[in-house]
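Residue numbers (my numbering): 240 to 507.
Below is one structure, written out as structure tokens; the observations come after it.
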Amino acid sequence: PGVLTETTAEMAAALTFAAARRVGEAERFLRAGRYTNWLPTLFLGELLRGKTLGIIGAGRIGEAYARMMMEGHKMDVLYYDLSRNEALERYAADYGDFLKAHGRRPVACHRVAQVEELLREADVVSIHTVLDDTTRHLIDAGRLALMKPNALIVNTSRGPVIDEAALVAHCRAHPEFRAGLDVFEREPELAPGLAALENVVIVPHIASATRWAREGMAVLAAANVAGRLTGKPAWNRADVTPFLGEDPPPACPSILNAKELKIPLYTG
Numbered sequence: 240p241g242v243l244t245e246t247t248a249e250m251a252a253a254l255t256f257a258a259a260r261r262v263g264e265a266e267r268f269l270r271a272g273r274y275t276n277w278l279p280t281l282f283l284g285e286l287l288r289g290k291t292l293g294i295i296g297a298g299r300i301g302e303a304y305a306r307m308m309m310e311g312h313k314m315d316v317l318y319y320d321l322s323r324n325e326a327l328e329r330y331a332a333d334y335g336d337f338l339k340a341h342g343r344r345p346v347a348c349h350r351v352a353q354v355e356e357l358l359r360e361a362d363v364v365s366i367h368t369v370l371d372d373t374t375r376h377l378i379d380a381g382r383l384a385l386m387k388p389n390a391l392i393v394n395t396s397r398g399p400v401i402d403e404a405a406l407v408a409h410c411r412a413h414p415e416f417r418a419g420l421d422v423f424e425r426e427p428e429l430a431p432g433l434a435a436l437e438n439v440v441i442v443p444h445i446a447s448a449t450r451w452a453r454e455g456m457a458v459l460a461a462a463n464v465a466g467r468l469t470g471k472p473a474w475n476r477a478d479v480t481p482f483l484g485e486d487p488p489p490a491c492p493s494i495l496n497a498k499e500l501k502i503p504l505y506t507g
């Protein structure tokens, strides 16, 4: 917890812009030697500034991504989550007041009761939920049909949240629809036809692939083993980044089943 937050949120943002601005298509076009002259209609994409962002799963990563898009690109946010994210709503309200004080349109952030409402309203939908029986194929053919014809969907959570065959069919039928995927339903395999779709950006599950995050993951794993062997208590806070500094706390950073293992909690 904490180590993957910003890294994964940045990948969600990268996929969002790569899909919206057709970066993959344009690069393949250029590398194939097909670029002969500038044209005003060449690879027209979508401007995201001021549009509506839908977040499915407003936990740490979803919140970080929402803040990036809200502050950087003045997007309004709708989020669907079992719990209200009061911190995100306060952030949006405070930032909205700042914009209003400077004569600019304030941003808004609202929680929706049904995922269908989010899908109908959002220009961009980014998935940050867990995978369980309630979220497997949460995005299926019926829910894809609710989205705007030129909407964009991003998934950096778990592949099976999206029915990949349904997504392939939807992207074929709606060439203005875009998708950015870091995860897949049956990794490392892709659904038939997915790799051939020009309106889909795909990367091989690299959302955590920054030097800082990967080094941090290794440090935390080693600290857990060392801490357990020396009888240190379990860290009881969500943010484990203090363990990546020069003076780490005397605890096991991220043992989630501390109670089951009868490891006392850190109280320092």
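C-beta atoms are modelled at their ideal positions from N, C-alpha and C, and glycine is treated no differently.
Fair warning: this is a prediction, and the values are worked out from it, not measured in the lab.
- Query: What number of angstroms, rounded off, separates the C-alpha of Ala384 from the C-alpha of Glu245?
  - Reply: 31 Å
- Task: From the DSSP output, read off the bridge partner residues of Ile366.
- Result: Ile295 and Asn394
- Message: Can you give me the C-alpha to C-alpha distance between Leu286 and Leu495, rounded to a whole angstrom?
- Response: 41 Å
- To the nearest whole angstrom, what separates the beta carbons of Pro489 and Lys471, a pair I think is in contact under 8 Å? 6 Å
- Query: Are Ala380 and Leu317 touching if we call contact CB-CB under 8 Å?
  - Reply: no
- Query: Counting along the chain, where does the alpha helix (DSSP H) carrying Ala461 start and finish?
  - Reply: Arg450 to Leu468
- Assign Leu321 to one of three DSSP states: helix, strand, or coil. coil
- Message: I'd like to know if the region 303-318 and the region 248-262 are in contact, where contact means that at least 3 CB-CB pairs between them fall below 8 Å.
- Response: yes
- Ignore the nearest five residues each way along the sequence and tell me which others in Thr449's own chain have a CB closer than 6 Å to its CB. Thr246
- Item | Same chain, Cβ closer than 7 Å to Glu403, neighbours up to 5 away in sequence not counted | Phe423, Glu424, Ala430 and Leu433
- Task: Could you pull the start and end residues of the beta strand (DSSP E) that His517 belongs to?
- Result: An answer regarding residue 517 cannot be provided, because it is not within the stretch 240 to 507 covered by the chain.
- Task: Determine, using beta carbons only, whether Thr257 and Val440 come nearer to each other than 8 Å.
- Result: First, the residue type needs correcting, since residue 257 is Ala and not Thr in the sequence shown. Going by C-beta atoms, Ala257 is nearer than 8 Å to Val440.
- Query: Does the separation of the CB atoms of Pro366 and Ile295 fall below 8 Å?
  - Reply: Here residue 366 is Ile; the residue named in the question, Pro, does not match the sequence. Going by C-beta atoms, Ile366 is nearer than 8 Å to Ile295.
- Query: If you draw a straight line from the alpha carbon of Thr255 to that of Met456, how long is it in whole angstroms?
  - Reply: 25 Å
- Message: Would Gly293 and Arg260 be called neighbours here (beta carbons separated by less than 8 Å)?
- Response: no
- Message: Closer than 8 Å is the cut-off here; do at least three beta carbon pairs connect the region 349-358 with the region 316-335?
- Response: yes
- Task: Indicate whether Asp486 and Gly241 have their beta-carbon atoms separated by less than 8 Å.
- Result: no
- Query: Since Ala460 contacts Phe482 with CB under 8 Å, what's their CB separation in whole angstroms?
  - Reply: That pair is no contact at about 11 Å.
- Query: Ordered along the chain, which non-local residues of its own chain (more than five positions away) have a Cβ less than 6 Å from that of Leu420?
  - Reply: Asn394 and Ile441
- Message: Under DSSP, the alpha helix (DSSP H) around Arg350 begins and ends at which residues?
- Response: Premise fails: Arg350 lies in the beta strand (DSSP E), Cys348 to Arg350, not in any alpha helix (DSSP H).
- Item | For Ile401, the nearest candidate out of Lys387, Thr291 and Val364 (CA to CA) | Val364
- Please name the residue in Ser493, Ala390 and Gly398 whose C-alpha comes closest to that of Glu428. Gly398
- Would you call the CB atoms of Ser268 and Tyr274 closer than 8 Å? According to the sequence as given, residue 268 is Phe; it is not Ser. Yes, Cβ-Cβ distance for Phe268 and Tyr274 is below 8 Å.
- Message: I need the DSSP call for Leu420, collapsed to helix, strand or coil.
- Response: strand
- Message: Alpha carbons only, please: which of Lys313, Pro492, Glu499 and Pro503 is nearest the one belonging to Arg344?
- Response: Lys313
- Message: I need the DSSP call for Arg359, collapsed to helix, strand or coil.
- Response: helix
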